[in-house]
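Q:
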Amino acid sequence: NSMSLELWEEVSIMDEKNIPIRTYQVCNVLEPNQNNWLRTDWIHRSGAQRVYVEVKFTLRDCNSLPGVTGTCKETFNLYYHESNEDRESYIKESSFIKVDTVAADESFTQVDVGDRIMKLNTEVRDVKVTTRKGFYLAFQDVGACIALVSVRVFYKTCPLTIRNLATFPDTVTGADTSSLVEVRGSCVNQSEEKEEPKMYCGADGEWLVPIGGCLCSPGYEDKGGVCKACSVGFYKAKSSDTGCSKCPPHSHSLRDGATVCDCHSGYFHADSDPPSMACTQPPSAPQQLISVVNETSVVLEWAPPRRLGGRSDTSYSLECLICQAGSHNRGLCLPCSSDVLFSPSQTGLKTTRVVVSELRAHTHYTFIVHAHNGVSRASGAGATQSVSVTVTTNQAAPSPVSFIQATDVTRHSLSLSWQQPDRPNGVILEYEVKFYEKDQKERSYRIMRTFSRSVDVTGLNPLTVYVFHARARTAAGYGEFSGPFEFSTNSDPFPLIGDGVNSAFLLLSVSGVGILLLISAAVFIISRRYTHKQTQAHRHIYKRVKIYVDPFTYEDPDQAIHEFAKEIDVSSIHIERVIGMGEFGEVCSGRLRVQGKREIYVAIKSLKAGYSDKQRRDFLSEASIMGQFDHPNIIRLEGVVTRCKPLMIVTEYMENGSLDAFLRKHDGQFTVIQLVGMLRGIASGMKYLSDMSYVHRDLAARNILVNSNLVCKVSDFGLSRVLEDDPEAAYTTRIPIRWTAPEAITYRKFTTASDVWSYGIVMWEVVSYGERPYWDMNNQDVIKAIEEGYRLPAPMDCPVVLHQLMLDCWERERAERPTFSQILNMLDKLIRNPGTLPFILLPFLMYIYAWSVCQWLQSIGLERYRDTLAAAGYTSLDSLLTLTHQEMDRLGIITPTHQDILIASVQQEMLSQMQHIQHTMVPV
4 NSMSLELWEE VSIMDEKNIP IRTYQVCNVL EPNQNNWLRT DWIHRSGAQR VYVEVKFTLR
64 DCNSLPGVTG TCKETFNLYY HESNEDRESY IKESSFIKVD TVAADESFTQ VDVGDRIMKL
124 NTEVRDVKVT TRKGFYLAFQ DVGACIALVS VRVFYKTCPL TIRNLATFPD TVTGADTSSL
184 VEVRGSCVNQ SEEKEEPKMY CGADGEWLVP IGGCLCSPGY EDKGGVCKAC SVGFYKAKSS
244 DTGCSKCPPH SHSLRDGATV CDCHSGYFHA DSDPPSMACT QPPSAPQQLI SVVNETSVVL
304 EWAPPRRLGG RSDTSYSLEC LICQAGSHNR GLCLPCSSDV LFSPSQTGLK TTRVVVSELR
364 AHTHYTFIVH AHNGVSRASG AGATQSVSVT VTTNQAAPSP VSFIQATDVT RHSLSLSWQQ
424 PDRPNGVILE YEVKFYEKDQ KERSYRIMRT FSRSVDVTGL NPLTVYVFHA RARTAAGYGE
484 FSGPFEFSTN SDPFPLIGDG VNSAFLLLSV SGVGILLLIS AAVFIISRRY THKQTQAHRH
544 IYKRVKIYVD PFTYEDPDQA IHEFAKEIDV SSIHIERVIG MGEFGEVCSG RLRVQGKREI
604 YVAIKSLKAG YSDKQRRDFL SEASIMGQFD HPNIIRLEGV VTRCKPLMIV TEYMENGSLD
664 AFLRKHDGQF TVIQLVGMLR GIASGMKYLS DMSYVHRDLA ARNILVNSNL VCKVSDFGLS
724 RVLEDDPEAA YTTRIPIRWT APEAITYRKF TTASDVWSYG IVMWEVVSYG ERPYWDMNNQ
784 DVIKAIEEGY RLPAPMDCPV VLHQLMLDCW ERERAERPTF SQILNMLDKL IRNPGTLPFI
844 LLPFLMYIYA WSVCQWLQSI GLERYRDTLA AAGYTSLDSL LTLTHQEMDR LGIITPTHQD
904 ILIASVQQEM LSQMQHIQHT MVPV
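Mapping of the sequence shown onto my numbering: residues 4 to 927, in sequence order.
(1) Cβ atoms of SER275 and PRO251: under 8 Å apart, would you say?
(2) Report the CB separation of THR180 from ALA206 in whole angstroms; it is logged as a contact under 8 Å.
(3) For the candidate residues GLN398, GLY177 and ARG820, whose alpha-carbon lies nearest to that of GLU209?
(4) Please report the residue range of the beta strand (DSSP E) in which ARG449 lies.
(5) Measuring alpha carbon to alpha carbon, tell me which of LYS136, LEU140 and LEU151 ends up nearest THR125.
(6) Alpha carbon to alpha carbon, how far is PHE497 from ARG414?
(7) Determine the DSSP secondary structure at ASN636, reduced to helix, strand or coil.
(8) Between the alpha carbons of GLY70 and SER86, how many angstroms are there, rounded?
(9) Assign LEU702 to one of three DSSP states: helix, strand, or coil.
(10) Of the residues LEU33, MET681 and ARG53, which one's Cα is nearest the Cα of TYR772?
(11) The beta strand (DSSP E) that contains GLU185, what's its start and end?
(12) Would you mind stating whether TYR368 and VAL394 have Cβ atoms separated by less than 8 Å?
(13) ASP129: which of TRP40, ALA51, SER379 and PHE60 sits nearest, CA to CA?
(14) Take every Cβ of the stretch 396-412, pair it with every Cβ of the stretch 304-324, and state whether three or more of those distances are shorter than 8 Å.
(15) The alpha helix (DSSP H) that contains SER300, what's its start and end?
(16) Count the other C-beta atoms from every protein chain shown that fall within 10 angstroms of the C-beta of LYS832, then say buried if there are 16 or more, exposed otherwise.
(17) Taking HIS375 as part of the beta strand (DSSP E), name the residues at either end of that continuous run.
(18) By Cβ distance below 8 Å, which residues in the same chain neighbour ARG449 in space, the five residues on each side in sequence not counted?
(19) According to DSSP, is ILE571 helix, strand or coil?
(20) Could you tell me the boundaries of the beta strand (DSSP E) in which ALA473 lies?
(21) Which word fits PHE370, buried or exposed, when buried means at least 16 other C-beta atoms lie within 10 angstroms of its C-beta?
(22) Terminal residues of the continuous beta strand (DSSP E) containing LYS716?
(23) Hey, does GLY585 have any beta-carbon neighbour from chain C nearer than 8 Å?
(24) Please tell me whether SER447 and PRO424 are closer than 8 Å, where the distance is taken between their beta carbons.
(25) Where do the N-terminal and C-terminal ends of the alpha helix (DSSP H) with ARG683 fall, by residue?
(26) Would you kindly work out how many angstroms separate the C-alpha atoms of ILE786 and ILE740, rounded to a whole number?
(27) Is it buried or exposed, LYS20, if we count other Cβ atoms within 10 angstroms and call 16 or more buried?
(28) Under the criterion of a Cβ to heavy atom distance below 7 Å, does CYS323 qualify as lining the ligand FMN?
(29) According to DSSP, which residues form a beta bridge with THR283?
(30) Starting from ALA169 and walking both ways along the beta strand (DSSP E), at which residues does that stretch end?
(31) Taking the beta carbon of ALA756 as the centre, do at least 16 other beta carbons fall within 10 Å, making it buried, or is it exposed?
(32) Could you name each continuous beta strand (DSSP E) segment of 3 residues or more that falls completely within the stretch 111-164, going from the start of the chain to the end?
(33) From this set, THR743, GLU641, ALA818 and TYR750, which residue's C-alpha is nearest HIS3's C-alpha?
(34) For HIS373, does the count of other Cβ atoms within 10 angstroms reach 16, so buried, or fall short, so exposed?
(35) Thinking PRO802 and VAL675 are a contact (beta carbons under 8 Å), I'd like their distance in whole angstroms, please.
(36) From what residue to what residue does the alpha helix (DSSP H) around LEU833 run?
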């Protein structure tokens with residue numbers, strides 16, 4: 004089809020201000036089937052992906068034109084055609100793509116024009132242009148009386164901007180009206196990346212969702228988006244510091260942009276000192292050193308140095324020398340032997356008193372006390388400031404006898420011998436031996452004395468165990484008795500040691516010892532099991548003591564949040580991407596690195612700007628609630644950010660999201676035993692909450708989160724706030740009617756029993772793989788059906804026993820519903836299938852569990868914790884089910900990943916073993 008261009012005329016008219024303007028007009032309204040085209044020149048799109056066409060025009064009302072009924076129109080069509088170059092002088096109509104039919108909001112009559120009233124229309128249309136370098140626009144008249152006053156073609160950009168010290172260039176918006184263009188920023192001069200700076204350019208030309216940013220480099224600070232050097236006398240040590248700081252006392256900087264201040268002469272900085280700390284000096288010498296000699300021990304005491312150098316980390320060390328009598332020359336002194344003991348220690352002392360023992364008698368010692376602090380080494384001053392004292396030890400009693408040996412043992416006698424004490428401390432004058440029957444426990448004993456290092460002991464009873472002690476005496480007196488040495492007399496007249504040993508007696512003795520060992524082992528195992536059970540019972544009682552505290556009882560919400568949640572430094576949080584929108588603002592995922600712990604993935608909820616005091620309180624209340632819980636099936640709160648904006652709540656990151664969406668995504672992919680395992684985890688978490696007297700009020704599959712190990716955790720603790728704020732909310736959309744018990748809907752009776760009703764609905768959701776409860780029934784129909792006794796039917800392939808448990812949870816009378824403790828026991832029994840396992844096999848089953856812990860730890864690569872768990876009483880898989888993150892922190896298992904693996908794997912292993920036993924055991 005050809006284009007008819009000649010009917011459009013270029014005409015000059017006067018606007019409302021009597022200024023001439025050029026227009027294109029067409030008004031061929033008398034003839035039908037008009038097809039008049041007006042085309043623009045070729046327009047280069049300049050990188051734009053969506054252009055906007057603003058058309059200003061006037062249009063005459065067909066009613067003001069007589070005799071044109073059926074032929075006059077009050078619209079025209081806008082078309083476009085993309086092309087790579089301006090060479091197309093003729094373009095077919097079929098090559099153009101229609102943008103829209105444009106109609107006028109205001110039309111005029113001939114009278115209007117006579118009165119010089121111009122009714123100008125402005126219409127804007129957008130066109131996606133991405134396939135060619137440029138395009139043409141065309142206007143098609145189909146029989147209207149129209150004048151085009153102006154056509155403006157433009158595209159939108161997000162303007163050049165600086166955000167978080169990163170420059171984002173002028174950016175063309177995306178091709179689609181809902182698209183976001185990700186733009187990476189570049190750090191301004193003298194700055195460095197804290198985290199990769201990114202923003203998104205929206206379709207309306209606005210910058211959205213700033214992530215990351217830059218920090219001014221050391222020596223520079225942020226001044227209105229520009230990094231400027233610190234002036235003389237100021238410094239900035241790290242890019243993460245907020246700004247330049249004045250040099251601390253006794254230091255200076257002589258140039259702009261200093262990253263550290265230099266100490267004045269005579270002052271120093273230790274390597275471990277922060278840059279903000281003042282320069283300091285080494286301490287002076289300790290004062291008033293005194294000594295008290297007690298035989299071969301010396302007590303040394305001194306006063307702190309008069310000048311501590313401006314520091315609080317003063318410590319002391321001792322030097323011990325053996326010197327010749329009257330010698331003042333250090334060259335004639337030798338270091339003390341390694342046998343000398345210093346209590347509490349010889350170096351790194353924080354106290355000003357030391358006891359030195361194990362010295363030689365009648366020996367001259369010199370003790371030198373040195374004072375140190377953090378800059379003693381940095382000062383390069385050589386020897387530290389010190390004070391010394393010389394003492395002479397006294398005569399002392401000998402040290403204890405270390406070993407006694409028995410020979411020639413008969414029915415009524417034996418011979419003892421021993422070595423001289425390690426430190427005789429003089430001439431040994433005699434030895435004393437004390438002995439008694441072991442059963443008498445020193446109530447009746449005998450003493451023998453000898454000048455030699457041996458003695459024959461006679462007059463003993465046959466086949467009796469005797470305990471022997473020995474000690475030595477010098478002129479200073481007796482030393483201490485040795486430790487006990489036990490020997491037994493013989494039942495035969497022949498010696499027990501040597502060739503005369505009776506073989507029958509030896510065999511009988513060995514047999515008796517073996518029997519005793521077996522009995523002892525049995526008693527030990529039984530007592531350990533009983534102790535473990537008692538420990539578990541005490542642990543359970545202790546847990547029941549903790550009661551939930553409602554944060555809304557606090558007048559100051561900050562007091563509640565600081566009592567129940569840990570404050571996190573915002574610099575430890577690295578936001579990576581936006582994963583959704585919450586009630587209060589964006590929800591992001593990222594990483595958390597806390598000093599001394601391994602980096603973990605977390606979810607971050609933020610409070611959007613412009614919040615009210617009520618919104619702030621509501622936002623933080625959920626963290627105050629979560630912070631009171633510590634259970635493997637409750638979402639774990641990592642901490643909060645309240646000291647800067649935006650306010651944040653940081654929780655563990657659950658990779659598989661909400662349970663209902665996860666089940667719908669994996670419809671039919673799990674076994675019944677796996678679904679029951681999920682239900683058991685939820686029931687365990689709810690039992691923990693009910694034990695703490697906490698009522699959830701919004702238990703549903705959408706509020707259960709699933710991590711990468713398929714562990715289900717209860718979350719979303721915000722509904723109680725909604726109900727408190729809106730007393731009339733019983734039938735509003737904020738109340739989850741399909742999951743709420745009848746008494747809670749009608750009388751607002753929210754209890755643990757109403758949570759049990761909700762748990763029954765969750766069971767139905769899990770077994771049906773996320774199907775919507777009551778399908779497409781509206782809330783009023785659901786309420787009416789329940790009142791009339793209707794209950795959800797069993798999902799497809801649902802075991803009868805599971806549906807019966809659901810029906811128990813949906814009993815009309817709340818007192819007849821099971822508790823979460825009973826539900827947990829029922830699920831455990833269902834997993835173990837007691838109909839298949841006779842009662843006599845259950846102890847054997849627990850025995851198998853106890854012996855599989857070591858193998859299980861090996862299978863998950865965490866064998867290193869075997870002894871730690873065993874020492875704490877966790878010797879079976881079922882006992883490990885009680886492990887919490889707090890308990891593992893106490894035991895020294897502090898790696899978050901290892902904690903999650905332990906909690907998830909033990910639940911899966913228990914289910915796996917029970918399932919295996921179901922298929923392998925047969926009734927007896």
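All residues carry an ideal CB built from backbone N, CA and C; glycine is no exception.
Computed from a predicted structure; not experimentally measured.
A: The relevant details are as follows:
(1) Within the sequence shown, residue 251 is the residue found at index 248, counting from 1. Within the sequence shown, residue 275 is the residue found at index 272, counting from 1. No; because the gap between Cβ atoms is not below 8 Å, this pair is not in contact.
(2) Numbered from its first residue, the sequence shown carries residue 180 at position 177. Numbered from its first residue, the sequence shown carries residue 206 at position 203. Yes, they are in contact, since the Cβ atoms of THR180 and ALA206 sit about 5 Å apart, within 8 Å.
(3) Translated into positions along the sequence shown, residue 209 becomes position 206. The shortest CA-to-CA distance from GLU209 to any of GLN398, GLY177 and ARG820 is the one to GLY177.
(4) Here the question's residue 449 lines up with position 446 in the sequence shown. 449-453 is the span of the beta strand (DSSP E), which, as asked, contains ARG449.
(5) Stepping through the sequence shown from its first residue, residue 125 is reached at position 122. Measuring from the Cα of THR125, the nearest candidate turns out to be LEU151.
(6) In the sequence shown, residue 497 corresponds to position 494, counting from 1. In the sequence shown, residue 414 corresponds to position 411, counting from 1. At PHE497 the pLDDT is 45, less than 50, meaning the model places this residue with poor confidence; the figure from the coordinates comes in the next sentence. Each residue's alpha carbon lies about 8 Å from the other.
(7) Your numbering for residue 636 matches position 633 in the sequence shown. ASN636: coil per DSSP, three-state reduction.
(8) One-based indexing of the sequence shown puts residue 70 at position 67. One-based indexing of the sequence shown puts residue 86 at position 83. Roughly 42 Å between the two C-alpha positions.
(9) Mapped onto the sequence shown, residue 702 falls at position 699. The DSSP-derived three-state label of LEU702 is coil.
(10) Numbered from 1 along the sequence shown, position 769 holds the residue referred to as residue 772. Nearest of LEU33, MET681 and ARG53 to TYR772, Cα basis: MET681.
(11) In the sequence shown, residue 185 corresponds to position 182, counting from 1. Start and end: 184-187.
(12) Along the sequence shown, one-based indexing puts residue 368 at 365. Along the sequence shown, one-based indexing puts residue 394 at 391. Yes, Cβ-Cβ distance for TYR368 and VAL394 is below 8 Å.
(13) Counted from its first residue, the sequence shown places residue 129 at position 126. Nearest option by C-alpha distance: ALA51.
(14) With fewer than three CB-CB distances shorter than 8 Å, the stretch 396-412 does not count as touching the stretch 304-324.
(15) Stepping through the sequence shown from its first residue, residue 300 is reached at position 297. Where SER300 is concerned, there is no enclosing alpha helix (DSSP H), although the beta strand (DSSP E) it sits in stretches over 300-306.
(16) Counting from 1 along the sequence shown, the entry for residue 832 is found at position 829. LYS832 should be labelled exposed.
(17) For the purposes of this step, residue 375 is taken as residue 372 along the sequence shown, with counting starting at 1. From DSSP, the beta strand (DSSP E) with HIS375 extends over 367-375.
(18) Locating residue 449 in the sequence shown gives position 446, where the first residue counts as 1. Once the five neighbours on either side are set aside, the close Cβ partners of ARG449 are LYS437, PHE438 and TYR439.
(19) Counting from one through the sequence shown, the residue named residue 571 turns up at place 568. In this structure, ILE571 counts as coil in the three-state DSSP scheme.
(20) Numbered from its first residue, the sequence shown carries residue 473 at position 470. ALA473 -> beta strand (DSSP E) spans 468-477.
(21) Position 367 of the sequence shown, counting from 1, holds the residue named residue 370. Buried, by the Cβ-count rule.
(22) Position 713 of the sequence shown, counted from the first residue, corresponds to residue 716. Taken as a continuous stretch (DSSP letters only), the beta strand (DSSP E) holding LYS716 covers 715-717.
(23) Although the question refers to chain C, the structure presented lacks it and comprises just one protein chain.
(24) The residue labelled residue 447 in the question sits at position 444 within the sequence shown. The residue labelled residue 424 in the question sits at position 421 within the sequence shown. No; because the gap between Cβ atoms is not below 8 Å, this pair is not in contact.
(25) If you number the sequence shown from 1, residue 683 lands on position 680. Per DSSP, ARG683 belongs to the alpha helix (DSSP H) from 675-694.
(26) For the purposes of this step, residue 786 is identified with residue 783 of the sequence shown, where counting begins at 1. For the purposes of this step, residue 740 is identified with residue 737 of the sequence shown, where counting begins at 1. Looking at the two C-alpha atoms, the distance is approximately 8 Å.
(27) Here residue 20 corresponds to residue number 17 of the sequence shown, with the count starting at 1. By the beta-carbon neighbour count (other beta carbons within 10 angstroms, threshold 16), LYS20 is exposed.
(28) Questions concerning the ligand FMN fall outside what the structure shown contains, since it holds no ligand whatsoever.
(29) Within the sequence shown, residue 283 is the residue found at index 280, counting from 1. Paired residue(s): PHE271.
(30) To locate residue 169, count along the sequence shown from 1; it is residue 166. Its beta strand (DSSP E) spans residues 169-171.
(31) Position 753 of the sequence shown, counted from the start, is the residue given in the question as residue 756. Flag for ALA756 reads buried.
(32) The DSSP assignment places 124-131, 137-144 and 148-158 as complete runs of the beta strand (DSSP E) inside the stretch 111-164, in order along the chain (cut-off: 3 residues).
(33) The structure shown has nothing for residue 3, since the chain only spans 4 to 927.
(34) Reading the sequence shown from its first residue, position 370 is the one you call residue 373. Buried: at least 16 other Cβ atoms inside 10 Å.
(35) In the sequence shown, the residue the question calls residue 802 occupies position 799. In the sequence shown, the residue the question calls residue 675 occupies position 672. PRO802 to VAL675, Cβ: 6 Å. Contact.
(36) To locate residue 833, count along the sequence shown from 1; it is residue 830. LEU833 -> alpha helix (DSSP H) spans 823-835.
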